[in-house]
Amino acid sequence: MSEPLVAPALGRKGRFRRRGTLAAGAFLLGAFVVLALGAPLIAPYDPITQDATARLQGPSWLHPFGTDNFGRDILSRVIWGTRIDLKIAVIGVIFPFLIGTTLGTVAGFFGGIVDAIFMRLVDIILAFPFLVLMLSIIAILGPGLASFYIAMALVGWVSYARLIRAQMLVLKNHDYAVAAVSLGFSRMRIMFRHLLPNAAAGSVVFAMSDAVLVLLNGSAISYLGLGVQPPVAEWGVMVAEGQAFVTTAWWITLFPGLAIVTLAFAFSMIGDGLADLFGVHE
1 MSEPLVAPAL GRKGRFRRRG TLAAGAFLLG AFVVLALGAP LIAPYDPITQ
51 DATARLQGPS WLHPFGTDNF GRDILSRVIW GTRIDLKIAV IGVIFPFLIG
101 TTLGTVAGFF GGIVDAIFMR LVDIILAFPF LVLMLSIIAI LGPGLASFYI
151 AMALVGWVSY ARLIRAQMLV LKNHDYAVAA VSLGFSRMRI MFRHLLPNAA
201 AGSVVFAMSD AVLVLLNGSA ISYLGLGVQP PVAEWGVMVA EGQAFVTTAW
251 WITLFPGLAI VTLAFAFSMI GDGLADLFGV HE
């Protein structure tokens, strides 16, 4: 008699924890979206305007995050940089997700020679270190965000495709899939209307974690000079610009670095919340 009374209480606690993590991550991400959209109104200064009289000033009421070696306000540059880094995280995930989901769905559903060709292609891409392959593509295409997005699309789809393929290999043998075939539904309908919605939960959760890696990769690429080019305000560029002053003007690298970590933490919490909500770990 006691188990039915205890189980719902535990269930409510688990649901509260899942919703709390997801809500906290969504709130934090929403704050960054507000900063990105309202940058012209929120930022106190122009992010690229130089002021030689305000060089390397520490945090103060006039410049809460201090200024850099060109006299530019760090707070304003961090706020404007939110636009670029959010775009990097979102666009850098969307295209690999779409490409990988489509290829993995087709390979897992058809199997046979289609799946064999798919797996050989995956093996070829996985034979190269991820960052080295991405840097090679960007070096060929030239520095810039467009090259970064193309490199992510050409390399990053593999993880999504493998996740979806593994799910499709299992789900296509379930009773509802066999019944759909018996009813004469087209392969496209079975793949994308019946199987894919049930297989995509793991990929959606992975996309949130992948957004963290894409954000860090984008910042690293910009740090190396192959991504966003100065004087555009971007967090990785700001960290690179402040490296020479890290011992004398620590605020130049500290605040954009904290912004990168906080945005990554927001995506991570959303991923954890979705994983618990969908029961991916169970």
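Residue numbers (full-length UniProt numbering): 1 to 282.
For each residue, glycine too, the CB sits at the ideal point set by N, CA and C.
In this text the structure is predicted, and so the values were computed from the model without any measurement.
Below 8 Å, can you find three or more Cβ-Cβ pairs linking the segment 81 to 94 to the segment 206 to 217? Touching, yes.
Enumerate in chain order the residues of its own chain whose CB-to-CB distance from GLN57 is below 7 Å, with the five nearest sequence positions on each side excluded. As a first step, residue 57 must be located in the sequence shown, where it is residue number 57. Counting only Cβ-Cβ distances below 7 Å, and skipping sequence neighbours, we find HIS63, GLY66 and THR67.
Rounded to the nearest angstrom, what separates VAL93 and TRP235 at their Cα positions? The sequence position of residue 93 within the sequence shown is 93, counting from 1. The sequence position of residue 235 within the sequence shown is 235, counting from 1. The alpha-carbon separation between VAL93 and TRP235 amounts to approximately 19 Å.
Taking the alpha helix (DSSP H) that TRP157 falls in, what are its first and last residues? The residue you call residue 157 lines up with position 157 of the sequence shown. Under the DSSP assignment, TRP157 falls in the alpha helix (DSSP H) whose first and last residues are 145 to 171.
Tell me the DSSP secondary structure of THR253 in three-state form. Residue mapping note: residue 253 aligns to position 253 of the sequence shown, counting from 1. Of the three classes helix, strand and coil, the one that applies to THR253 here is helix, per DSSP.
Per DSSP, what are the beta-bridge partners of ASP73 in this structure? Numbered from 1 along the sequence shown, position 73 holds the residue referred to as residue 73. Bridge partners of ASP73: THR67.
Helix, strand or coil at VAL205 according to DSSP, with G and I counted as helix: The residue labelled residue 205 in the question sits at position 205 within the sequence shown. It is helical.
By how many angstroms is the C-alpha of PHE118 removed from the C-alpha of ARG165? In the sequence shown, counting from the first residue as 1, residue 165 sits at position 165. In the sequence shown, counting from the first residue as 1, residue 118 sits at position 118. Distance between the alpha carbons of ARG165 and PHE118: 10 Å.
Cα-Cα separation between SER268 and ALA201, rounded to whole angstroms: Start at 1 with the first residue of the sequence shown, and residue 268 comes out as number 268. Start at 1 with the first residue of the sequence shown, and residue 201 comes out as number 201. Cα-Cα distance, rounded: 16 Å.
Residue interval of the alpha helix (DSSP H) (run including ASP51): Position 51 of the sequence shown holds residue 51. Counted as a single uninterrupted DSSP element, the stretch harbouring ASP51 is not any alpha helix (DSSP H), since DSSP gives it neither H nor E.
Pick helix, strand or coil for VAL78, following the three-state DSSP scheme. Indexing the sequence shown from 1 puts residue 78 at position 78. VAL78 falls in the helix class under three-state DSSP.
Taking just the CA atoms, how far does PHE97 sit from LEU22? Numbered from 1 along the sequence shown, position 22 holds the residue referred to as residue 22. Numbered from 1 along the sequence shown, position 97 holds the residue referred to as residue 97. Taken atom to atom, the span from the alpha-carbon of LEU22 to that of PHE97 is near 21 Å.
Exposed or buried, VAL181, counting other C-beta atoms within 10 Å across all chains shown (16 or more means buried)? Translated into positions along the sequence shown, residue 181 becomes position 181. Exposed, because fewer than 16 other Cβ atoms sit within 10 Å of the Cβ of VAL181.
Euclidean distance between Cα positions of ALA275 and GLY81: Here residue 275 corresponds to residue number 275 of the sequence shown, with the count starting at 1. Here residue 81 corresponds to residue number 81 of the sequence shown, with the count starting at 1. For ALA275 and GLY81, the distance between alpha carbons rounds to 29 Å.
Nonlocal neighbours in the same chain, by C-beta distance under 8 Å from VAL204, ignoring five residues either side: Translated into positions along the sequence shown, residue 204 becomes position 204. Short of 8 Å from the beta carbon of VAL204, and not among the five residues preceding or following it, lie these beta carbons of its own chain, in chain order: LEU274 and PHE278.
Proximal residues to TYR223 (C-beta, below 8 Å), its chain only, five neighbours per side dropped: For the purposes of this step, residue 223 is identified with residue 223 of the sequence shown, where counting begins at 1. If we look at TYR223 and ignore the five residues flanking it on each side, its Cβ neighbours are GLY236, VAL237, VAL239 and ALA240.
Does DSSP put LEU226 in a helix, in a strand, or in coil? Counting from 1 along the sequence shown, the entry for residue 226 is found at position 226. DSSP places LEU226 in the coil class of the three-state scheme, outside both helix and strand.
DSSP state of TRP61, grouped into three classes? Start at 1 with the first residue of the sequence shown, and residue 61 comes out as number 61. In this structure, TRP61 counts as coil in the three-state DSSP scheme.
Go ahead and label MET191 buried or exposed: buried means 16 or more other beta carbons lie within 10 angstroms of its beta carbon, across all protein chains shown. If you number the sequence shown from 1, residue 191 lands on position 191. When all chains shown are included, MET191 counts as buried.
C-alpha distance - VAL114 paired with PRO143, whole-angstrom precision: Within the sequence shown, the letter at position 114 stands for residue 114. Within the sequence shown, the letter at position 143 stands for residue 143. Per the coordinates, the alpha-carbon of VAL114 lies some 35 Å from the alpha-carbon of PRO143.
Please state whether DSSP places THR21 in a helix, a strand or coil. Locating residue 21 in the sequence shown gives position 21, where the first residue counts as 1. The DSSP-derived three-state label of THR21 is helix.
The segment 38 to 58 / the segment 72 to 80 touching (three or more Cβ pairs under 8 Å): At 8 Å Cβ cutoff, the stretches touch.
For TRP157, count neighbouring Cβ atoms within 10 angstroms of its own Cβ and tell me buried if that reaches 16, exposed if not. On the sequence shown, residue 157 is found 157 positions in, with the first residue counted as 1. Per the 10 Å Cβ criterion, buried.
Please classify ALA139: does DSSP put it in a helix, a strand, or coil? In the sequence shown, counting from the first residue as 1, residue 139 sits at position 139. DSSP places ALA139 in helix when its eight states are reduced to three.
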